[in-house]
Amino acid sequence: MPLRFVLSLCFACLLSLPVAAEERPNILFIFADDQAYDTIAVHGNTEIQTPHLDTLVREGLTFTHTYNQGSWSPAVCLASRAMLNSGRFVWKAERVHKKMEQERQAGRFWSEHMKQAGYDTYFTGKWHVQANAQKAFDFAQHVRGGMPNQTPEGYHRPAADGSDPWSPSDPKFGGFWAGGKHWSEVVGDDAVEFLGQAAQREKPFFMVIAFNAPHDPRQSPQEYVDRYPANKIEVPESYLPLYPEREEMGSGEKLRDEYLAPFPRTEHAVQVHRQEYYGIINHMDDQIGRILKALEDSGKADNTYVFFTADHGLAVGHHGLMGKQNMYDHSVRVPFMVKGPGIEGGTQNKTPIYLQDVMPTTLELAQVEKPDHVDFHSLLPLIRGEDKTPYDAIYSCYLDRQRMITTDGYKLIYYPKANKLKLFNLEDDPQEITNLADDPEQKDRIAKLLDKLRDWQEKTGDSLELGEL
Numbered sequence: 002m003p004l005r006f007v008l009s010l011c012f013a014c015l016l017s018l019p020v021a022a023e024e025r026p027n028i029l030f031i032f033a034d035d036q037a038y039d040t041i042a043v044h045g046n047t048e049i050q051t052p053h054l055d056t057l058v059r060e061g062l063t064f065t066h067t068y069n070q071g072s073w074s075p076a077v078c079l080a081s082r083a084m085l086n087s088g089r090f091v092w093k094a095e096r097v098h099k100k101m102e103q104e105r106q107a108g109r110f111w112s113e114h115m116k117q118a119g120y121d122t123y124f125t126g127k128w129h130v131q132a133n134a135q136k137a138f139d140f141a142q143h144v145r146g147g148m149p150n151q152t153p154e155g156y157h158r159p160a161a162d163g164s165d166p167w168s169p170s171d172p173k174f175g176g177f178w179a180g181g182k183h184w185s186e187v188v189g190d191d192a193v194e195f196l197g198q199a200a201q202r203e204k205p206f207f208m209v210i211a212f213n214a215p216h217d218p219r220q221s222p223q224e225y226v227d228r229y230p231a232n233k234i235e236v237p238e239s240y241l242p243l244y245p246e247r248e249e250m251g252s253g254e255k256l257r258d259e260y261l262a263p264f265p266r267t268e269h270a271v272q273v274h275r276q277e278y279y280g281i282i283n284h285m286d287d288q289i290g291r292i293l294k295a296l297e298d299s300g301k302a303d304n305t306y307v308f309f310t311a312d313h314g315l316a317v318g319h320h321g322l323m324g325k326q327n328m329y330d331h332s333v334r335v336p337f338m339v340k341g342p343g344i345e346g347g348t349q350n351k352t353p354i355y356l357q358d359v360m361p362t363t364l365e366l367a368q369v370e371k372p373d374h375v376d377f378h379s380l381l382p383l384i385r386g387e388d389k390t391p392y393d394a395i396y397s398c399y400l401d402r403q404r405m406i407t408t409d410g411y412k413l414i415y416y417p418k419a420n421k422l423k424l425f426n427l428e429d430d431p432q433e434i435t436n437l438a439d440d441p442e443q444k445d446r447i448a449k450l451l452d453k454l455r456d457w458q459e460k461t462g463d464s465l466e467l468g469e470l
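Start counting the sequence shown at 2; every next residue gets the next number (the working numbering).
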């Protein structure tokens, strides 16, 4: 009998048994900000060093096609986290995100469900949710806002002549250095402390370790920056000096994320920004290594599920874009790994999921019945090896400027303000370079994808009219 099948049977049996609260598994959720799916070395990125995330890949299960469902705000992380904590699809979450404290008080909140299941709850790092983190968790430290402060010198750089007034390693520019210690190191310290505390307690723990990294300002110690010489960084295959629909799609020259680099883009600017992106990810990875070691030292690792993902990705030079306010895979796809009891290491699952599925997954692990308001799905059937697909397509959105639907290996992007469609064959063209929308042979496919998009607009509460296409 195949080992994976045996493990799946054991895992299924484990979940079917009634257990006391103190026997329920611990949950360690590690969350990054702005980390694209293709920034894990073991997944094929030969430019970056991520030894500890690589370990999670080797010891756990990777969901290779994990998506964010979009945003009603240029702060895509705000929408992502509102969905994560409420369990609601994007436009339903938009209707409650300003009332999240009331939602928390009513018990319709991720950490509150875990408390009710008998868990000690811990939080450190980036919050960016309109609810009181100190009340949402039993233990909370260094609760941060949306992003570290950026400085004027950090924008529109480096110049075309190569000059650059900003440095990622100089504390005088504040940002991640504000307070005297890099914020990623502070998060690592808090997590190590939490795990030491949890080791002394009888109740299971639910721990959210939320890095601000690798969000800009992408700062790290100079030794990390030096590992990635800018002139050796590959410029993305999809590089463009200017994205043609940038203004119509809402990612134009006045958008803060896009103003980080000069217009038109230069290959050198893209190399510098990617250098700093890799450096801060590498630095965060070392903090994750400290956290995973502390988990082992706590004696709790054998009964702990470790989840890692990010709230969305980032362009950093793909398609002439720098930010995450677009529908390309570099911005809507994220890493997602899970390690824990009954999970065979080094396995992959290509089933398309949403990163917010981690919320109902942990609820099921805690034996909490899925609340009626939660739209996302538990991944435990997929983790057990069952052949189930939770979604018939992946939908995403940005303001009233962009819509996306992905299914059967094709992605359709719609820009309402430009009344323009883009169609990509993701299997043949994973970098999404060749637009097939004007190919007459794709007419029927586009019609079917538009029908699917309308179905998902209804599911998510999206009121945008697609218009005549």
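Every residue, glycine too, gets a C-beta built ideally from N, C-alpha and C.
Check                                                                                                                      : Outcome
Identity of the residue in Y279, H44 and S464 nearest H216 by Cα                                                           : Y279
Beta-carbon contacts of G253 that lie in its chain and below 8 Å, excluding the five residues immediately before and after : R247 and E259
Option in I414, D429 and D430 with minimal Cα separation from K423                                                         : I414
M84 to G71 span [Cα, whole Å]                                                                                              : 10 Å
Exposed unless 16 or more other CB atoms sit within 10 angstroms - verdict on G88                                          : buried
Unbroken beta strand (DSSP E) run spanning V144, endpoints                                                                 : F140 to R145
Bridge partner(s) assigned by DSSP for I354                                                                                : T67
Coil, strand or helix - D456 by DSSP                                                                                       : helix
Secondary structure, beta strand (DSSP E): runs of 3+ residues fully inside the stretch 87-128                             : 121-127
Alpha-carbon spacing of P230 relative to D35, whole angstroms                                                              : 22 Å
Element boundaries [beta strand (DSSP E), containing V339]                                                                 : F337 to K340
Residue of S81, K418 and H44 minimising C-alpha distance to G251                                                           : K418
Whole runs of the beta strand (DSSP E) within the stretch 211-295, excluding any shorter than 3 residues                   : none
E235 versus L315 - alpha carbon distance                                                                                   : 16 Å
Reduced DSSP secondary structure (H/G/I, E/B, other) of L413                                                               : strand
Short Cβ contact (8 Å threshold) for R105 with A80                                                                         : no
Where R59 falls: helix, strand or coil (DSSP)                                                                              : helix
Backbone secondary structure at D463 - three-state DSSP                                                                    : coil
Secondary structure of L315, DSSP reduced to three states                                                                  : coil
The stretch 334-342 in contact with the stretch 259-268 per 3-pair CB rule at 8 Å                                          : no
Sub-8 Å separation of L293 and H53 beta-carbons                                                                            : yes
Same chain, Cβ closer than 7 Å to I384, five either side skipped, listed in chain order                                    : L62, V339 and I344
Length of the line joining the Cα atoms of I210 and H157                                                                   : 31 Å
Where L477 sits in the DSSP three-state scheme                                                                             : With the chain represented from 2 up to 470, any question about residue 477 goes unanswered, as that position is not in the structure.
F177 beta carbon less than 8 Å from that of H183                                                                           : yes
Nearest-angstrom Cβ-Cβ length linking Y411 and F377, presumed shorter than 8 Å                                             : Between F377 and Y411 the Cβ distance is about 23 Å, and since that is not below 8 Å, they are no contact.
Closest Cα partner of D401 within the set E466, F124 and K389                                                              : E466
Cutoff 7 Å; reference K453; Cβ partners in own chain excluding five residues on either side                                : A394, I406 and T408
Where K371 falls: helix, strand or coil (DSSP)                                                                             : coil
The stretch 178-198 touching the stretch 128-144, judged by at least three CB pairs closer than 8 Å                        : yes
Coarse secondary structure for T152, derived from DSSP in three states                                                     : coil
Helix, strand or coil at A33 [DSSP, three-state]                                                                           : strand
Option nearest E224 by Cα separation, candidates N213, D429, A42 and N283                                                  : N283
For H313 and D463, the rounded distance between their alpha carbons                                                        : 20 Å
N-terminal and C-terminal residue of the alpha helix (DSSP H) that F377 is part of                                         : Careful: F377 lies outside any alpha helix (DSSP H) and carries neither H nor E.
Run of the beta strand (DSSP E) containing L424, from where it starts to where it stops                                    : K421 to N426
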